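One structure below.
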DNA sequence: ATGGCTGCAAACCGTTTGCAACTAT
DNA sequence: ATAGTTGCAAACGGTTTGCAGCCAT
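Here it is as structure tokens:
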């Protein structure tokens, strides 16, 4: 209908962010552009620190506070999602068309995304049964890779 | 078989804790007793702060560090579980015979526990399909009470 | 007596905030 | 010109840790 149907990666964030900012009199700054660019072209679930590192490849002077503030903005604009995988550090990922939950390896930190329709439906039903209106849910399965090689064997804390 | 079958509340923690400590040459101290007592007779999902308050009704001199350390001990002993409901503060609850997940009201902070067999089974299947051995999972549904009165209307931040 | 435990205070660490200078509009 | 934005550093809040003295064993 409206051009290319990309594989849920390209979520056309630029116009969305622009209008979000415009609507409330906020500005499109150089830093916001650099941060959003870095964020949306990063695969995975970066922490602020990881994103900051990437941002500084482009602009060495960006401060962490600005990255935090911009991430909050992206979350508010519905373009990013924040998750917690139990290590006390927030992680962020682009909001893609398809919602998913996470499976985290306790050993190597590898994060696998999954989606299960039945679980989603049951969650809604359960909430409804308790007279709650679901806003958001977070489901993290902590587990251990049973494969021969944890792909990120020493990624966590070298 | 072994005496009374209690409604999953009484989990017979005293002997379990005692043997856990004994096995590794740790000691049963006055503070540990007071803290465990307070913890297991508390309903709900107390934070360290809440537990400390209760503990100090009995012993004014207990320090927070001791409460943190004892809670860690209880978790290690498999007698307590730690959860995070998105407010940056850890909450603890006794490990009861029946596992359950949580439904949290964004408005009033009320926490409802639920259990769904199908979800549990699906989680295991999903993990297995990705060659992960489930260790633990945490599922939190953030929602809003739709009932006329949020029972704890102003409990969060007065 | 000995080695674990405690309370205190300081350290930690991720995140937020105040502020003066800066910049998009 | 004006109000939003930035980087810095300080503040924050929950949690952990070092240490000297204490206490269960």
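Residue numbers (the working numbering), protein chains in the order written: chain P, 787 to 944; chain D, 787 to 944.
We put the CB at the ideal spot given by N, CA and C, even for glycine.
If you're wondering where the values come from, they're calculated on a predicted model, not measured in any experiment.
Within chain D, partners of residue 928 (chain P) - CB distance below 8 Å:
Residue 928 (chain P) sits at position 142 when you count from the first residue of the first chain. Within 8 Å Cβ-Cβ: 920, 921, 922, 923, 924.
Quick check on residue 927 (chain P): buried or exposed, where buried means 16 or more other Cβ atoms within 10 Å of its Cβ?
Numbered from its first residue, the first chain carries residue 927 (chain P) at position 141. When all chains shown are included, residue 927 (chain P) counts as buried.
Please report the residue range of the alpha helix (DSSP H) in which residue 903 (chain D) lies.
Start at 1 with the first residue of the second chain, and residue 903 (chain D) comes out as number 117. Under the DSSP assignment, residue 903 (chain D) falls in the alpha helix (DSSP H) whose first and last residues are 903 to 915.
Residue 932 (chain D) versus residue 914 (chain P): straight-line alpha-carbon distance, rounded:
Here the question's residue 932 (chain D) lines up with position 146 in the second chain. Here the question's residue 914 (chain P) lines up with position 128 in the first chain. For residue 932 (chain D) and residue 914 (chain P), the distance between alpha carbons rounds to 9 Å.
If you draw a straight line from the alpha carbon of residue 799 (chain D) to that of residue 865 (chain D), how long is it in whole angstroms?
Locating residue 799 (chain D) in the second chain gives position 13, where the first residue counts as 1. Locating residue 865 (chain D) in the second chain gives position 79, where the first residue counts as 1. When rounded, the distance between both Cα atoms is 7 Å.
Can you have a look at residue 905 (chain D) and say buried or exposed, based on whether 16 or more other CB atoms are within 10 angstroms of its CB?
Numbered from its first residue, the second chain carries residue 905 (chain D) at position 119. Residue 905 (chain D) should be labelled buried.
Quick one: is residue 866 (chain P) near chain D, going by C-beta distance under 9 Å?
Reading the first chain from its first residue, position 80 is the one you call residue 866 (chain P). For residue 866 (chain P), the closest Cβ of chain D is not nearer than 9 Å.
Taking 9 Å as the CB-CB limit, is residue 892 (chain D) close to chain P?
Taking the first residue of the second chain as 1, we reach residue 892 (chain D) at position 106. With 9 Å as the cut-off, residue 892 (chain D) counts as an interface residue toward chain P.
Considering residue 841 (chain D), what are the terminal residues of the alpha helix (DSSP H) in which it resides?
By 1-based counting over the second chain, the position of residue 841 (chain D) is 55. Per DSSP, residue 841 (chain D) belongs to the alpha helix (DSSP H) from 834 to 844.
Residue 903 (chain D) versus residue 886 (chain P) - alpha carbon distance
On the second chain, position 117 is the one that residue 903 (chain D) refers to. On the first chain, position 100 is the one that residue 886 (chain P) refers to. Distance from the CA atom of residue 903 (chain D) to the CA atom of residue 886 (chain P), rounded to whole angstroms, is 20 Å.
Please return the same chain residues whose Cβ sits closer than 7 Å to the Cβ of residue 942 (chain P), not counting the five positions on each side in sequence.
As a working note, residue 942 (chain P) is residue 156 in the first chain. Any reading at residue 942 (chain P) must be qualified, since the residue scores a pLDDT of 39, below 50, and its modelled position is unreliable; the value itself is stated next. Taken in chain order, the residues that qualify are 894, 895.
Show which residues of chain D have a CB atom less than 7 Å away from the CB atom of residue 909 (chain P).
Start at 1 with the first residue of the first chain, and residue 909 (chain P) comes out as number 123. Correct list: 927.
Name, going along the chain, the residues of the region 823 to 843 of chain P whose beta-carbon falls closer than 9 Å to a beta-carbon of chain D.
The residues in question: there are none.
Straight-line gap, residue 860 (chain D) to residue 826 (chain D) (C-alpha atoms, nearest Å)
Along the second chain, one-based indexing puts residue 860 (chain D) at 74. Along the second chain, one-based indexing puts residue 826 (chain D) at 40. Cα to Cα, residue 860 (chain D) sits roughly 11 Å from residue 826 (chain D).
Boundaries (first-last residue) of the beta strand (DSSP E) holding residue 924 (chain P):
For this step, residue 924 (chain P) is matched to residue 138 along the first chain. For residue 924 (chain P), the uninterrupted beta strand (DSSP E) run begins and ends at 918 to 931, by DSSP.
For residue 821 (chain P), is the classification buried or exposed, using 16 other Cβ atoms within 10 angstroms of its Cβ as the cut-off for buried?
One-based indexing of the first chain puts residue 821 (chain P) at position 35. Answer is buried; the Cβ neighbour count reaches 16.
I want to verify the contact list: residues of chain D whose CB lies under 8 Å from the CB of residue 916 (chain P), in sequence order.
Start at 1 with the first residue of the first chain, and residue 916 (chain P) comes out as number 130. Ordered by position in chain D, the residues that pass the 8 Å Cβ test against residue 916 (chain P) are 889, 898, 900.
Give a yes or no on whether 9 Å exceeds the smallest Cβ distance from residue 904 (chain D) to chain P.
Position 118 of the second chain holds residue 904 (chain D). Contact of residue 904 (chain D) with chain P is assigned, a C-beta pair being separated by under 9 Å.
Short of 8 Å in beta carbon distance, which residues of its chain neighbour residue 813 (chain D), apart from the five on each side in sequence? Order them along the chain.
Within the second chain, the letter at position 27 stands for residue 813 (chain D). Around residue 813 (chain D), the same chain offers 807 as residues with beta carbons nearer than 8 Å, after the five sequence neighbours per side are excluded.
Give me, in chain order, the residues of the same chain whose beta-carbon lies closer than 7 Å to that of residue 875 (chain P); leave out the 5 immediate sequence neighbours on both sides.
Along the first chain, one-based indexing puts residue 875 (chain P) at 89. Within the same chain, residue 875 (chain P) has close Cβ partners 833.
My guess is that residue 892 (chain P) and residue 921 (chain D) are in contact by the Cβ rule of under 8 Å, so how many angstroms apart are they, rounded?
As a working note, residue 892 (chain P) is residue 106 in the first chain. As a working note, residue 921 (chain D) is residue 135 in the second chain. The Cβ separation is near 6 Å, so the contact holds.
DSSP three-state assignment for residue 821 (chain D), whether helix, strand or coil:
Numbered from its first residue, the second chain carries residue 821 (chain D) at position 35. Helix.
Extent of the continuous beta strand (DSSP E) to which residue 867 (chain P) belongs
Position 81 of the first chain, counted from the start, is the residue given in the question as residue 867 (chain P). Element bounds for residue 867 (chain P): 866 to 870.
Starting from residue 897 (chain D), follow its DSSP beta bridges and name the residues at the other end.
The sequence position of residue 897 (chain D) within the second chain is 111, counting from 1. Residue 897 (chain D) is bridged to D:890.
Can you pull the chain P residues whose beta carbon is under 8 Å from the beta carbon of residue 912 (chain D), in chain order?
Here the question's residue 912 (chain D) lines up with position 126 in the second chain. What residue 912 (chain D) touches in chain P: 889, 900, 902, 927.
Where residue 879 (chain P) falls: helix, strand or coil (DSSP):
As a working note, residue 879 (chain P) is residue 93 in the first chain. Here residue 879 (chain P) carries a strand assignment [DSSP, helix/strand/coil].
Can you tell which of D:816, D:797, D:802, D:924 has the C-alpha that lies nearest to the C-alpha of residue 872 (chain P)?
Here residue 872 (chain P) corresponds to residue number 86 of the first chain, with the count starting at 1. Of the residues D:816, D:797, D:802, D:924, the one whose Cα lies closest to the Cα of residue 872 (chain P) is D:924.
Cα separation between residue 946 (chain P) and residue 899 (chain P)?
Only positions 787 to 944 of chain P appear in this structure, which leaves residue 946 (chain P) out of reach.
Alpha carbon to alpha carbon, what distance is there between residue 877 (chain D) and residue 862 (chain P)?
Your numbering for residue 862 (chain P) matches position 76 in the first chain. Your numbering for residue 877 (chain D) matches position 91 in the second chain. Roughly 26 Å between the two C-alpha positions.
In chain order, what residues of the same chain lie with their CB nearer than 7 Å to the CB of residue 802 (chain P), ignoring the 5 residues before and after it?
Numbered from 1 along the first chain, position 16 holds the residue referred to as residue 802 (chain P). The residues are 863, 865.
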